[in-house]
Amino acid sequence: RTTMSINSLSRRQFFGSGFAAAGAITLAGTLPANAREWEDYSEQFSGSLGDAVPNAPLRPDDEAGWKAIAKNYPVTSKITNLENGYWGIMALPVLNEYKRLTEFVNSENTFFARLQWSETFRGIRETVAGFLNVGADEIALTRGATESLQALIGGHNKLRPGDTVLYADLDYSEMKIAMQWLKDRRGAKPVKITFPEPTADEPLTEAKILNFYEKALSSNPGTKLLLLTHLNNWTGLIIPVAKIAKMAKDRGVDVILDAAHSVGQVDLRLKDLGCDFIGVNLHKWVGAPIGCGVVYINKSRVGDIDTYMGKSPGSSAVTDRIDTGTLNFAAHMAIPAAIGFHNKIGTAAKEERLRHLRNLWVEPVRKMKGLTVLTPDDSKMVAGLTSFRLDGVITTKANDALMKHLADKFGILTVRRTGPDAGDCIRVTPSIYNSRNDVMKLVSALKTVTASPYSW
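The numbering used here puts the first residue of the sequence shown at -7, with every later residue one more than the last.
Quick look at the structure:
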């Protein structure tokens, strides 16, 4: 009787108390009762934002419009933060809703968790599936892309002893470790391939990347599994995943895709990438609370990923391929609000703004002597995230020193990245709350740095 009472709460009960001025919904001790109401909630949240987000899609160079959006992000004034690739902070309306949900969970505790979480989880999952344009039965919520990808790599059960598994130097560290671990877990043969680096005379092109993977697959005919990263964590390079995936599938090679930086930063349809196994983050570019990710498995391939530690053997449920333990309920319940805020701006508008900010600093910096920008300017191959390397500055120690110099002397936060075989680099990642002045501040700093090499 109690369960029926909780799950039959009307939308009037939930929405009737209205929306707070900051865009947060007043819960009043209730929640959406079913999946449809969670989707309504996300849309209602987006509609509640009012003047907090301009209605018309913004031009990427509309500084006044993006300044209005930036007011939703109460960032520290201690430094100019151009290191937004770690995670994307919540917009204030989402943060307020997350706080409210945290208080709700803390108050209702196991009365909520035991009787209502199952339906709540289903509603959130269906909302996320709608956002990703995939089936709800093809995803499970996780704590991040790393957890998702580890489950996919470790659980991939089509490998046989001696099969080759391919990964690249530009893939994420934990994913490279997981691919190497397949030697112990499956008796596979891990092979690392090294991406070509751009030079002033020979920039990276789509054709060059396709040729790189063509050669890698041809040189390793025993390959049965290929790891790809869509938008690269180290450099920002976007590779033509759909074309590479088709190339691999034509050879009988499965592809696991790291899309941790893609969703929310790039306007795409997940299924158009042509990959059956994908790990996604929602706490980077969608703006959900930290600890929100998604694992996607094409429903025709669920059986090719083991159930987690023997959980429900023979199950066809994606949710049985992962076991996160006790999730942060409030964080995941805030995902529909984050989607609502994100959709109010629009992925395409975000992508164009982020690429605009990237181009503002890259164009003048690319002309500086002694410095290489590690991504091309082709809009299909880059979004907001881009790295650079000073000539000869390839060690972790030297790049840490450069990062510290940029922070201490110029008040700019970047981050050193270790991953590319050619050496460490400095990553620059603006957010939609950053301004033209923020990235031009970096240009001025790098003029000084390149004019006096190694003075730092």
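Just so you know, even glycine gets a beta-carbon here, dropped at the ideal spot from N, CA and C.
When burial is assigned at 16 or more other CB atoms within 10 Å of the CB, is residue i buried or exposed?
| i | result |
| --- | --- |
| L438 | buried |
| P232 | buried |
| V441 | buried |
| P66 | exposed |
| T102 | exposed |
| D416 | buried |
| S301 | In the sequence under discussion, the amino acid at residue 301 is Met, which differs from the Ser named in the question. Exposed is the call here. |
| S371 | exposed |
| K342 | buried |
| R347 | buried |
| G285 | buried |
| D264 | exposed |
| T410 | exposed |
| Y33 | buried |
| G295 | exposed |
| N98 | exposed |
| E194 | exposed |
Can you tell me the Cβ-Cβ gap for residue i and residue j, rounded? I've got them flagged as a contact below 8 Å.
| i | j | result |
| --- | --- | --- |
| P46 | A60 | 6 Å |
| S140 | V287 | 4 Å |
| W79 | K276 | 6 Å |
| T421 | N76 | 5 Å |
| A132 | I314 | 5 Å |
| L115 | A56 | The amino acid occupying residue 115 in the given sequence is Gly; Leu does not appear at that position. The pair is not a contact, with the Cβ atoms about 37 Å apart (cut-off 8 Å). |
| L74 | T406 | 6 Å |
Just reading off the beta strand (DSSP E) that residue i is part of, what are its end residues?
| i | result |
| --- | --- |
| L262 | Segment: none, L262 is in no beta strand (DSSP E) and carries neither H nor E. |
| K181 | K181 to I185 |
| T134 | I131 to T134 |
| L438 | L438 -> not in any beta strand (DSSP E); alpha helix (DSSP H) instead, spanning R428 to A443. |
| I236 | No beta strand (DSSP E) contains I236, which is instead part of the alpha helix (DSSP H) from V233 to K241. |
| I270 | F269 to N273 |
| T221 | T215 to T221 |
| L249 | D246 to A251 |
How would you write the range of the alpha helix (DSSP H) that residue i sits in, first residue to last?
| i | result |
| --- | --- |
| G285 | Note, G285: premise wrong, no alpha helix (DSSP H); beta strand (DSSP E) at G285 to I289. |
| G32 | In the sequence as displayed, the identity of residue 32 is Asp instead of Gly. It spans A27 to G39 - the alpha helix (DSSP H) in which D32 sits, taken as one unbroken run. |
| A322 | F321 to M325 |
| N203 | E198 to S211 |
| I116 | W109 to L124 |
* **Length at least 4, wholly inside the segment 356 to 425: the alpha helix (DSSP H) runs in chain order** => Runs found: 388 to 402.
* State whether the segment 80 to 88 contacts the segment 216 to 227, with contact taken as three or more CB pairs (one from each stretch) at a distance under 8 Å. => Contact fails between the segment 80 to 88 and the segment 216 to 227, because fewer than three Cβ pairs, one in each stretch, are under 8 Å apart.
* To do: Kindly confirm or deny that the segment 248 to 255 and the segment 32 to 52 touch, where touching means at least three C-beta pairs closer than 8 Å.
  => Verdict: no, contact absent.
* Does the segment 365 to 382 come close enough to the segment 113 to 122 that 3 or more CB-CB pairs lie under 8 Å? -> Contact between the segment 113 to 122 and the segment 365 to 382 is absent, because fewer than three Cβ pairs lie under 8 Å.
* To do: Decide if the segment 202 to 219 is in contact with the segment 394 to 405; the criterion is three or more beta carbon pairs, one per stretch, under 8 Å apart.
  => As far as the Cβ criterion goes, the segment 202 to 219 does not touch the segment 394 to 405, which means the pair count is below three.
* Decide if the segment 302 to 319 is in contact with the segment 250 to 270; the criterion is three or more beta carbon pairs, one per stretch, under 8 Å apart. => These segments do not touch.
* Asked: Taking contact to mean at least 3 C-beta pairs separated by less than 8 Å, is the segment 145 to 160 in contact with the segment 336 to 348?
  -> No, because fewer than three Cβ pairs between the segment 145 to 160 and the segment 336 to 348 fall closer than 8 Å, the two stretches do not touch.
* Asked: Should the segment 407 to 416 be called in touch with the segment 372 to 392, which here means at least 3 C-beta pairs below 8 Å?
  -> Touching, per the Cβ criterion.
* Asked: What residue ranges within the segment 126 to 165 form continuous beta strand (DSSP E) runs of no fewer than 3 residues, ordered along the chain?
  -> The qualifying runs are 131 to 134 and 156 to 160.
* Counting only runs that start and end within the segment 41 to 81, where is the alpha helix (DSSP H) found for 4 or more residues in a row? -> Correct list: 55 to 62.
* Asked: Should the segment 104 to 115 be regarded as contacting the segment 319 to 327, the criterion being three or more beta carbon pairs within less than 8 Å?
  -> The way I'd put it, the segment 104 to 115 does touch the segment 319 to 327; three or more beta-carbon pairs between them come closer than 8 Å.
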